[in-house]
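Protein chains in written order, with the numbering used here: chain A, 36 to 148; chain B, 28 to 139.
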Amino acid sequence: DAGVIQSPRHEVTEMGQEVTLRCKPISGHNSLFWYRQTMMRGLELLIYFNNNVPIDDSGMPEDRFSAKMPNASFSTLKIQPSEPRDSAVYFCASPGPITDTQYFGPGTRLTVL
Amino acid sequence: GQQVMQIPQYQHVQEGEDFTTYCNSSTTLSNIQWYKQRPGGHPVFLIQLVKSGEVKKQKRLTFQFGEAKKNSSLHITATQTTDVGTYFCAGPSPGSQGNLIFGKGTKLSVKP
Numbered sequence: 036d037a038g039v040i041q042s043p044r045h046e047v048t049e050m051g052q053e054v055t056l057r058c059k060p061i062s063g064h065n066s067l068f069w070y071r072q073t074m075m076r077g078l079e080l081l082i083y084f085n086n087n088v089p090i091d092d093s094g095m096p097e098d099r100f101s102a103k104m105p106n107a108s109f110s111t112l113k114i115q116p117s118e119p120r121d122s123a124v125y126f127c128a129s130p131g132p133i134t135d136t137q138y139f140g141p142g143t144r145l146t147v148l
Numbered sequence: 028g029q030q031v032m033q034i035p036q037y038q039h040v041q042e043g044e045d046f047t048t049y050c051n052s053s054t055t056l057s058n059i060q061w062y063k064q065r066p067g068g069h070p071v072f073l074i075q076l077v078k079s080g081e082v083k084k085q086k087r088l089t090f091q092f093g094e095a096k097k098n099s100s101l102h103i104t105a106t107q108t109t110d111v112g113t114y115f116c117a118g119p120s121p122g123s124q125g126n127l128i129f130g131k132g133t134k135l136s137v138k139p
């Protein structure tokens, strides 16, 4: 198993552009978590899915952020339009082999100029 | 809502010194987990504690879960440069399937 796969690993874009981050979770799990990490705010949960359905999106900062999980093997996090304050590392995570634990992907480092 | 707090935020030690980070939850936890994030990396699961008063060891790392299941600690004996990184504790969010509440983390730096 390749673990959680995220793409791109690095993204540099200009303010106002649309950004799409992608995640392929570990197969066989029906939950997925999106996090954002910054120096100031630490690790924040943005949204999580269970059975491909968004369960809690209270962490999504604003309407510019949206996430989808069209099937059990793929999820996207979209920012439109992007702003410099969105610069952060975005992680997605799958449930781990032990109840309640999580496997994190390598992350996407987003820089919005 | 539930909060998980960690102290200290930063710790600088000389190689060979011991290191301890503390985690406190505002509510009783069914379990507590510890993760390590190396610089430029992603959080990696280290261990889960479930029982009140539980103590687990991984080589030089000792993990404890408090009797009231609201606090935990991670102790590293004789730190090495490979221990550098940020250590997070996390507890399950009540009523949420698989959702975790993470502490802010303790960033450890080790001077050779």
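Using N, Cα and C, we set each Cβ at its ideal position, and we do this for glycine too.
DSSP, read as helix, strand or coil, puts residue 45 (chain B) in coil. Around the beta carbon of residue 46 (chain A), 16 or more other beta carbons sit within 10 angstroms, so the residue counts as buried. The residue from A:73, A:59, A:72, A:115 with its alpha-carbon nearest to that of residue 51 (chain A) is A:115.
Residue-level contact by beta carbon holds for residue 70 (chain B) and chain A, with a gap shorter than 8 Å. In the DSSP assignment, residue 45 (chain A) falls within the unbroken beta strand (DSSP E) covering 45-48.
Distance from residue 62 (chain B) to residue 73 (chain B) at the Cβ level is roughly 6 Å; contact confirmed, criterion being Cβ atoms closer than 8 Å. Proximity of chain B to residue 85 (chain A) at the Cβ level (cut-off 8 Å) is accounted for by 124, 125, in chain order.
Residue-level contact check: residue 129 (chain B) touches chain A, since one or more beta carbons of chain A fall below 8 Å from its beta carbon. For residue 57 (chain B), there is no enclosing beta strand (DSSP E), as DSSP marks it with neither H nor E. The C-alpha of residue 139 (chain A) is placed about 7 Å away from the C-alpha of residue 71 (chain B). According to the DSSP assignment, residue 106 (chain A) belongs to the beta strand (DSSP E) that extends over 100-106. For residue 100 (chain A), there are no C-beta contacts with chain B under 9 Å, since the nearest C-beta of that chain is about 18 Å from it. For chain B, the residues of the region 37-67 of chain A that bring a beta carbon within less than 7 Å of one of its beta carbons are 66, in chain order.
From the beta-carbon of residue 58 (chain B), the residues of chain A found nearer than 7 Å are 135.
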